[in-house]
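Under my numbering, think of the first position of the sequence shown as 1, with each following residue one higher. Have a look at the structure below before the remarks.
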Amino acid sequence: MNWFRIQTIMLKELRQLRRDRMTSCMVVIIPLLQLVLFGYAINLDVRGLSAAVLDLSDTAVSREVVAEIGASQVLDLRYWLHSAEEGDRLLRAGRIHAVLTVPADFAARLARHDVQRPPLQLVVDGSDLTIQASARQLTEYRPPGWRSMSALEVVNLYNPERLTQVNTVPGLVGLILALTMVLYTANGIVRERDQGNMEMLISTPVSPWELALGKLLPFVGIGIIQASIVLLAGNLLFQVPLRGSLLELYMALLVFILANLTLGVLVSTIVNSQFQALQLAFLIFVPQILLSGFAFPFSGMPPLAQWIAEILPMTHFLRLVRGIMLRGAPLIELWQEMLMLSAFAVMMMTIAVTRLNKSLG
């Protein structure tokens, strides 16, 4: 073994790495990004869950108890309801995470210390396990004069068994598509460029829009097949329900797939090789895992991290897929998420085609 030859090859690789600016940047950016996300944006101590109050007792004592629970900062009491149906509608649409109910006989239950019928009830959106865990902090609350173990009953709506698979499988669909769709498109276009086929396309009357759509549409079918496999397997193996419309679910899937495919086209106009495409796709993928609410609670993130998360397509798709599949929400109640996802797809497509037009020119 000749160490001089090994040293020569090593120096050659280092020189090539120095010339590859994107790889050199990734060496620094990826660990820094993960450090910032885990150290600053990720917070497992969730506070301020958006909630509504249904006070059927409407007495001075009940109002005092509601004020004490609000002061705990576990719940952010935003709505005051007149009926249980209002709370169901807000929960289904994803506008709140919990409904605190004070029954009409609250004072009587409090006086009897009825352990079998706790005087307070908290209905929690069970489509997100992190919300359930945070809301259970309130089981330690004791109203004035209450001596029993717990005065608050927590009801897990949409996932009463608290099965992890019910929460993770819908989000897993988004994670798979977020990575594969960007990679497929970016690598496909970069490969065409490396093989010299892009020069052939320049000499034809194909416009940048036609080229982009021609590259995207085959992968739409692949994305639909991938999503269908995961959804079917999740239903058969883990009994993950579909409480909403299958058609509306696939409409959301289609827009999400297009959003990530257009992101892949944009990546292809930035990088110079398939390896760089892989690096940039991974760089985009990491925030989508950590900030979307899939791995860590969205409510626990600082405002800046939440603002960044609102830009990511995964954040809105996760709300859509959980709303349709687990809560049975119609798409009309989730129109804001659908609008944001569609706007992202259109914006990325416009930017990508503009850059593609410059590269073809």
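By construction, the Cβ of each residue, glycine as well, lies at the ideal position given by its N, Cα and C atoms.
Residue of the options minimising C-alpha distance to residue i
{"i": "L179", "options": "P302, T101, L312, C25", "result": "L312"}
{"i": "V267", "options": "T130, L280, E64", "result": "L280"}
{"i": "L283", "options": "F4, M200, L37", "result": "L37"}
{"i": "P302", "options": "A98, T315, I42, R191", "result": "I42"}
{"i": "V182", "options": "V53, A84, A345", "result": "A345"}
{"i": "E210", "options": "A186, G39, V27, M349", "result": "M349"}
{"i": "A51", "options": "V28, G196, I131, I29", "result": "I131"}
{"i": "A98", "options": "A107, S299, R63", "result": "S299"}
{"i": "V286", "options": "Q336, L242, L35, F256", "result": "L35"}
{"i": "F238", "options": "A151, E161, L341", "result": "E161"}
{"i": "G426", "options": "L341, L290, V27, R15", "result": "Nothing can be reported for residue 426, as the shown portion of the chain is limited to 1 through 361."}
Proximity of residue i and residue j at Cβ, strictly below 8 Å
{"i": "V353", "j": "A212", "result": "yes"}
{"i": "S245", "j": "I324", "result": "yes"}
{"i": "G174", "j": "M314", "result": "yes"}
{"i": "L318", "j": "S292", "result": "yes"}
{"i": "A252", "j": "V321", "result": "yes"}
{"i": "T269", "j": "R355", "result": "yes"}
{"i": "L122", "j": "L138", "result": "yes"}
Boundaries of the alpha helix (DSSP H) in which residue i is found, first to last residue
{"i": "T204", "result": "Unbroken run through T204: none, as it is neither H nor E."}
{"i": "V182", "result": "164-194"}
{"i": "Q288", "result": "274-291"}
{"i": "L247", "result": "246-270"}
Residue span of the beta strand (DSSP E) that contains residue i, given as start and end
{"i": "E153", "result": "152-157"}
{"i": "D55", "result": "49-55"}
{"i": "T130", "result": "Looking at the DSSP string, T130 is not in any beta strand (DSSP E); the run it does join, the alpha helix (DSSP H), is 129-135."}
{"i": "Y79", "result": "75-80"}
{"i": "V99", "result": "98-102"}
{"i": "I306", "result": "Checking the displayed sequence, the identity of residue 306 turns out to be Gln instead of Ile. Careful: Q306 lies outside any beta strand (DSSP E), inside the alpha helix (DSSP H) at 303-311."}
Spatial distance of residue i from residue j (CA atoms)
{"i": "G223", "j": "V169", "result": "16 Å"}
{"i": "R18", "j": "F4", "result": "21 Å"}
{"i": "G70", "j": "A111", "result": "23 Å"}
{"i": "K12", "j": "Q274", "result": "21 Å"}
{"i": "V56", "j": "I229", "result": "For the record, residue 56 in the displayed sequence is Leu; it is not Val. Answer to the nearest angstrom: the Cα atoms are 46 Å apart."}
{"i": "Q9", "j": "Q226", "result": "According to the sequence provided, residue 9 is Ile. The question's Gln does not apply to it. One C-alpha to the other measures close to 42 Å."}
{"i": "D194", "j": "N357", "result": "17 Å"}
{"i": "R191", "j": "V220", "result": "19 Å"}
{"i": "V46", "j": "A133", "result": "9 Å"}
{"i": "E369", "j": "W80", "result": "Nothing about residue 369 can be reported from this structure: the residues present for the chain run from 1 to 361 only."}
{"i": "L242", "j": "I6", "result": "58 Å"}
{"i": "S83", "j": "A186", "result": "51 Å"}
{"i": "R136", "j": "V265", "result": "44 Å"}
{"i": "G171", "j": "Q276", "result": "27 Å"}
{"i": "L152", "j": "P119", "result": "7 Å"}
- Could you say if the segment 82-100 and the segment 316-335 meet the contact criterion of at least three C-beta pairs nearer than 8 Å? yes
- Message: Quick test of the definition: if touching needs 3 or more C-beta pairs under 8 Å, does the segment 101-110 touch the segment 67-75?
- Response: no
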